[in-house]
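Visitor: One structure, as structure tokens, below. Some questions next.
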Amino acid sequence: MVKPIDIPVIGIGIGPGTQERPEDEMDILNLPTGSMSTFQSPIMPEPEDIEDLTTGKLLLEKTLAALQTYKPNHPAYIIDLGEIDAANLDLINQALGEGEVSVTVDGPAPVMAQESVLTGVWRVQHLDNESHIIRDTIEIADIAHCVAAETFANAEAQPSLTLNDSENQLMNAPSLLAEVHDHIATRSPGDPAHVINLTLLPLTDQELSWLGSRLGVGPTTILSRGYGNCRIGSTAVKDVWWIKYFNSEDKLILNAIEISDVPEVAIAAPEDLEDSAYRLNEIMELYR
């Protein structure tokens, strides 16, 4: 589950300059409306109906054990589903359900990850270049493994700061790009995020588009629905992300660039992982 953000957040290929900008400063105070989604325990089959689905039940118990021992910021615990039959796989999918957060990593070997209704439990599928599933797994992690492992594997180390004559007319965007450049140069893995708040800065659509073109579009998109929508996209520059928050009317309310390993708002909190372990244990009690 993507956590509510306490700083403004920018865009990706859905990116800068592609959404209407607030007409005045008061618009930015329009917080998301509507109800926050809450956990709903899946409707599970009766024990006597799945007595023979021992593989599915064992893999769910394995998922629970991994949840109970997993530590945030550690490598994902991966459970392979390659040899499981359809009936056992249906049981697992029924127990895990579909949560609010999805991840896609584009490229010659795409990855699709869907968080379950249990925060920190992911269904992850690795595809070939024709979108056929070549590996199907459960992952227990604060963020799907593919995000950290593959997002910036082929990224540029730094954005270019060179300006042509027409770009010299830009007022604010070049200094923001220089700020990105400087923070990339001095950061180390694991450093706290550096956030550039674009929401209230005097940037024209042209400048936002120029920033987007200089940083480029990376392979990874993280989408969260529920309390409004959060859209996170990697850029083509290492450790640089664009993030946008929209309210329930799909109006942009928060807009920023973040320089980090993975945006903190996308990472499951320890208490969320503990809660998921508690809830999965409740589900499995029915079958013990």
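All residue numbers in the sequence shown are consecutive under the numbering used here, ending with 293. Using N, Cα and C, we set each Cβ at its ideal position, and we do this for glycine too. Just so we're clear, the structure is a prediction, and the values are computed from it rather than from any experiment.
Looking at C-alpha atoms only, which residue of 204, 139, 196, 281 is the closest neighbour of residue 267?
Guide: Taking the first residue of the sequence shown as 1, we reach residue 267 at position 262. When C-alpha distances from residue 267 are compared across 204, 139, 196, 281, the shortest belongs to 196.
Visitor: Quick one: Cα of residue 224 to Cα of residue 100, how far?
Guide: The sequence position of residue 224 within the sequence shown is 219, counting from 1. The sequence position of residue 100 within the sequence shown is 95, counting from 1. Taking the straight line joining both Cα atoms gives about 30 Å.
Visitor: With a CB to CB cut of under 7 Å and the five nearest residues on each side skipped, what residues in its chain are close to residue 208?
Guide: Locating residue 208 in the sequence shown gives position 203, where the first residue counts as 1. Hits under 7 Å: 177, 178.
Visitor: So residue 142 and residue 84 are supposed to be a Cβ contact under 8 Å. How far apart are they, rounded?
Guide: As a first step, residue 142 must be located in the sequence shown, where it is residue number 137. As a first step, residue 84 must be located in the sequence shown, where it is residue number 79. Their Cβ separation, rounded to whole angstroms, is 6 Å, which keeps residue 142 and residue 84 in contact under 8 Å.
Visitor: Taking contact to mean 3 or more Cβ pairs, one atom from each stretch, closer than 8 Å, check whether the segment 183 to 193 and the segment 237 to 250 are in contact.
Guide: In the pairwise beta carbon analysis, the segment 183 to 193 is classified as touching the segment 237 to 250: at least three pairs are separated by under 8 Å.
Visitor: Could you check where the alpha helix (DSSP H) with residue 91 kicks off and where it finishes?
Guide: Here residue 91 refers to the residue found at position 86 when the sequence shown is read from its first residue. Residue 91 -> alpha helix (DSSP H) spans 91 to 101.
Visitor: Tell me which same chain residues have a C-beta within less than 8 Å of the C-beta of residue 285, skipping the five on either side of it?
Guide: What you label residue 285 is simply residue 280 of the sequence shown in a count that begins at 1. Answer for residue 285: 65, 68, 69, 72, 100, 123, 126, listed in chain order.
Visitor: Taking the C-alpha atoms as reference points, what is the distance between residue 206 and residue 147?
Guide: As a working note, residue 206 is residue 201 in the sequence shown. As a working note, residue 147 is residue 142 in the sequence shown. Cα to Cα, residue 206 sits roughly 32 Å from residue 147.
Visitor: Cα separation between residue 58 and residue 98?
Guide: In the sequence shown, counting from the first residue as 1, residue 58 sits at position 53. In the sequence shown, counting from the first residue as 1, residue 98 sits at position 93. When only Cα atoms are considered, residue 58 and residue 98 end up about 13 Å apart.
Visitor: Closest to residue 160 by C-alpha separation, out of 220, 131, 128, 281, would be which residue?
Guide: The residue you call residue 160 lines up with position 155 of the sequence shown. Ranking the options by Cα distance to residue 160, first place goes to 220.
Visitor: Measure the C-alpha to C-alpha separation of residue 103 and residue 114 and round it to an integer number of angstroms.
Guide: For the purposes of this step, residue 103 is identified with residue 98 of the sequence shown, where counting begins at 1. For the purposes of this step, residue 114 is identified with residue 109 of the sequence shown, where counting begins at 1. For residue 103 and residue 114, the distance between alpha carbons rounds to 23 Å.
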